[in-house]
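When you line the sequence shown up against UniProt numbering, it's residues 1 to 450, in that order. Contents: one structure, followed by commentary.
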Amino acid sequence: MGKAYVIGVGSTKFDKPRGQREYDELGVEAAVKALIDAGITYDQVESAAAGYVYGDSTCGQRVLYQLGMTGIPIVNVNNNCSTGSSAFVLAVQAVAAGQADCALAVGFERMAPGSLGSAYKDRLPPMEGTHRQLVELENKQNYPTKETGPGAGRIFGAGGLEYCEKYGATPEHMYKISAKNHRHSVKNPYSQFRFEPTWQEVAGARKITRELTLPMCSPTSDGGAAAVVASEAFVKKHGLEDRAVEVAGWALTTDAPVLYNAKSRIELTGADMARRASKKAYAMAGVGPEDIQVIELHDCFAPNELLTYDALGLSKPGEAHHIVDRNDNTYGGKWVVNPSGGLESKGHPLGATGLGMIFYLTLQVRGEAGDLQVPNVRNALQHNLGLGGACVVSILRKPEFWKKGSTSQDRYGYNVANEVRGITKADLNKVRAKQHSDYVPVKVADQARL
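In structure tokens:
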């Protein structure tokens, strides 16, 4: 199997669902930015994967037909909260397997306000087994307060509580994780929230579940993100050695029997998937946790970040809270975890979340992350989790052939982390394939919206 490289990334701002932008507008903005960042047009894309959770059938085609109708395979992906990174893995696999020299992954979501729900009331939900087991495990406990609130929050809150009970962590550790992520988000203009509560303010905020307060929960969001993946031959042919970031390791895992057999609320959070995915990705990349400098981690709820420290091997089992005590999860520590602000701050548009992580980490590896930049990044790790379940872990780094380019970032225009711009009609036309329809359903500005 060959190697694959990210040569272009793009993202919209992740924002509160207001019904102001259609999904195809969000998707095409991200894709246009990624193609501009790569310096190529849609003509050169040979395969595409489109990720979204809330949408009908061929939403990916509706998004990408705006760039061209070139007849390439377009696969629509839904893997719950790991949808975006699952689309990314499909693009990586297409290139690594030699099926394409250049592939595009795009993720987008237009979400309804409030807690996640299902549009289907006439069938069992995919996670029925997980929710049923959580109720059974909770009923065996003699807590003065039973778990209430949104289903996903209940699962992760209960997992965090079990970690405290078994290993001596406290709610304060999770409050501090939330405060840390919100502190990071202040410098990220793409972030949905940009406020900086203290951990005491996190602790005192409105309760959402028994364990979780509002700042500890990721919000529903609208947004889009995209990545262009290419072979080494494509990179060198087009002189993109200064843009290319190697996908050194990756793995996509699903649940094993331990999910139900362990009778553990920690395991109900998908911890085993993350353990196995990280081990595979580390082995493929030839690195270990000690070789990573920056991590974008799936903190859909603050307890999951604590649990994931263990799952990724950042700590010995049961010692994740010591990372918090030592401030080893922020600037100046051993790792910088969620410099973007994480899902709790930057938002969680399900189909775009995983590709948003690739967007931020690609900038980190290139040294283009602006105010979010982590010093001396050699290896960056992405962790994206979807209950029900799927987990993706990817490791990015500069390739051996990387060289500092003579071109300025103005050639690409959209990867500067200190600003957010919309796309213009000129931007769209710059990257559209020769084979395209003049019909563009989305509203694209004549000039970029700042």
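The beta carbon of each residue, even a glycine, is placed where N, CA and C say it ideally should be. In this text, all values refer to a predicted model and were calculated from it rather than measured experimentally.
So for residue i, helix, strand or coil by DSSP?
i	result
Ile7	strand
Leu297	coil
Phe359	helix
Gly71	coil
Asp427	helix
Leu307	helix
Val202	helix
Leu134	helix
Leu387	coil
Gln409	Caution applies to Gln409, whose pLDDT of 47 falls short of 50 and renders its modelled position unreliable; the value that the coordinates give is listed next. Helix, per DSSP.
Asn139	helix
Asn261	helix
Val228	strand
Gln373	coil
Gln435	coil
Ser191	coil
What are the partner residues of residue i, as DSSP defines its beta bridges?
i	result
Arg397	Glu246, Asn379
Phe234	DSSP output for Phe234 lists no bridge partner at all.
Ser47	Ala103
Thr213	Lys207
Leu252	Val392
Glu109	Gly223
Asn338	In DSSP, Asn338 forms no bridge with anything.
residue 459	Missing from the structure shown is residue 459; the chain here goes from 1 to 450 and no further.
Asp15	Asp222
From residue i to residue j, what does the alpha carbon distance come to, in whole angstroms?
i	j	result
Leu64	Val28	7 Å
Val377	Met357	15 Å
Tyr23	Gly168	44 Å
Gly149	Met1	46 Å
Arg276	Val287	15 Å
Leu212	Gly157	6 Å
Ala426	Gly151	44 Å
Tyr190	Lys140	43 Å
Asp371	Glu419	10 Å
Ala251	Val9	20 Å
Thr58	Tyr52	10 Å
Ile74	Val336	35 Å
Gly270	Gly389	7 Å
Lys33	Ser264	43 Å
Ser437	Asn429	11 Å
Gly71	Leu90	18 Å
Pro17	Pro303	24 Å
Val324	His173	6 Å
Pro289	Ser218	26 Å
Val444	Lys13	15 Å
Ser11	Thr209	31 Å
Ser185	Gln192	9 Å
Ala87	Leu396	16 Å
Glu368	Ala97	29 Å
Gly160	Gln99	42 Å
Asp291	Ala119	43 Å
Arg421	Ala30	11 Å
Arg62	Arg432	14 Å
For residue i, count neighbouring C-beta atoms within 10 Å of its own C-beta (all shown protein chains included) and say buried if the count is 16 or more, exposed if not.
i	result
residue 452	Only positions 1 to 450 of the chain appear in the structure, and residue 452 is not among them; the question remains open.
residue 532	Nothing about residue 532 can be reported from this structure: the residues present for the chain run from 1 to 450 only.
Ala233	exposed
Leu124	exposed
Gly19	exposed
Ala285	buried
Asn261	exposed
Gly318	exposed
Ala50	buried
Arg206	exposed
Glu267	buried
Lys121	exposed
Arg326	exposed
Glu400	exposed
Thr170	exposed
Asn80	buried
Arg21	buried
residue 512	With the chain running from 1 to 450 in the structure shown, residue 512 is simply not present.
Glu162	buried
**Message:** Using 8 Å as the cut-off, can you tell me whether the stretch 224–232 makes contact with the stretch 99–116, which would need three or more C-beta pairs spanning the two stretches below that distance?
**Reply:** yes
**Prompt:** Using 8 Å as the threshold, is the stretch 287–298 in touch with the stretch 378–385, meaning 3 or more CB pairs across them?
**Reply:** yes
**Message:** Under 8 Å, with one C-beta from each stretch per pair, do the stretch 340–352 and the stretch 167–184 reach the 3-pair mark?
**Reply:** yes
**Message:** Any contact between the stretch 36–47 and the stretch 234–254? By contact I mean 3 or more CB pairs, one from each, below 8 Å.
**Reply:** yes
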